[in-house]
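At position 55 of the sequence shown the residue is numbered 109 (our numbering), and the sequence of numbers has no breaks. Glycine residues also receive a C-beta, built at the ideal position from the N, C-alpha and C atoms. Working notes, structure below.
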Amino acid sequence: MARLKTHYDKVVRPKLKQEFSYKNDLQVPRIEKIVINMGVGDAVADSKKIQAAVSELTLIAGQKPVTTKARKSIATYKLREGMSIGTKVTLRRERMYEFLDRLVNIVLPRLRDFHGVSNKAFDRQGNYSFGFVDQSVFPELTFEETTTAHGLQVVFTIKAQKPEDARALLMKFGMPFEKENK
C-alpha cells in the first residue's frame, strides 16, 4: 500500500473529520484522481515529438498515457482534425498516491525560486490544478531523455464540499502553498 494512502486513512481522514465536524466518513474530502496533461504543439510539424512526450509521460506517471487528438481543423496553425496534439494520463488509487508523494517530497522542493503553489487555482467544486513549464524537474527523466521542454499540467480531482475543505486536504498531504501577504 502507498505511504500516503495509509497516512490518509490513519492520520488525515480523522483530523479532517474532527476539524470540520463531519458526521460520516464519506463526507471527508478525498482525492479521486490525478490527471497529468502534456500539450505538444510542435507535434503538428514533427510527429516524433508526440512519441517523445508519450515516453516521458510514461516515465513520470508510471503508466501508459493516451494521445489526445485535435477536435477541429485550424488552418492558421496548420492543424487538421484528428491530428495528435498532446498526451494525458489519469492516475487513480495506488499510482495516484505514489505520484502525489513524489510530487510533494521530491519534485516541488527541487524547483528553483519556488515559493509555493498558488492558493487561487481551486475551482468551485474544490478541484485543484497547476502546471510546470519544464518536465525535466521529475527525477525519472534524465537530461539526455528530455529532448525538448514540454509544458505539463497536473489536475487534482477532489471530492469535497467546499474549496476550503480541498485546500485543507492538500495541506495535510504536505502540499506547499504560498504564504499570503496581508
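State the start and end residues of the unbroken alpha helix (DSSP H) segment that holds residue i.
i    : result
K237 : As displayed, the chain neither begins before 55 nor continues past 236, which places residue 237 out of reach and without an answer.
K69  : R67 to E73
L224 : P217 to K226
Inspect the beta-carbon positions of residue i and residue j and report whether they are closer than 8 Å.
i    : j    : result
F227 : L58  : yes
M229 : V143 : no
F184 : V208 : yes
E194 : L113 : yes
A56  : Y182 : no
F88  : F231 : Note that residue 88 corresponds to Ile in the displayed sequence, not to Phe. No, the pair does not count as a contact, with Cβ atoms beyond the cut-off.
Note down, in chain order, each residue of its chain lying with its Cβ closer than 7 Å to the Cβ of residue i, except the 5 sequence neighbours on either side.
i    : result
A214 : P83, G180, A220 and L223
F168 : L162
L206 : I90, M92, G185, F186 and Q189
From what residue to what residue does the beta strand (DSSP E) around residue i run?
i    : result
M92  : R84 to G93
K59  : Unbroken run through K59 is the alpha helix (DSSP H), R57 to H61; no beta strand (DSSP E).
F186 : Y182 to F186
L206 : L206 to K213
K77  : Unbroken run through K77: none, as it is neither H nor E.
Quick one: what's got a C-beta closer than 8 Å to residue i's C-beta in the same chain, skipping five residues either side?
i    : result
A115 : I90, V143, L145, R149 and F153
V65  : K226
S101 : S138
R125 : E135
Starting from the C-beta of residue i, find all residues in its chain whose C-beta is less than 6 Å away, skip the five residues before and the five after it, and write them out in chain order.
i    : result
A107 : M92, V94, T141 and H204
R156 : none
Is the region 107–127 touching the region 81–97, taking contact as three or more C-beta pairs under 8 Å?
At 8 Å Cβ cutoff, the stretches touch.
On the three-pair Cβ rule with 8 Å, is the region 209–222 touching the region 73–83?
They touch, by the three-pair rule.
Sequence ranges, beta strand (DSSP E) only - wholly within the region 134–171, length at least 3
Within the region 134–171, the complete beta strand (DSSP E) segments at least 3 residues long are 138–145, listed from N- to C-terminus.
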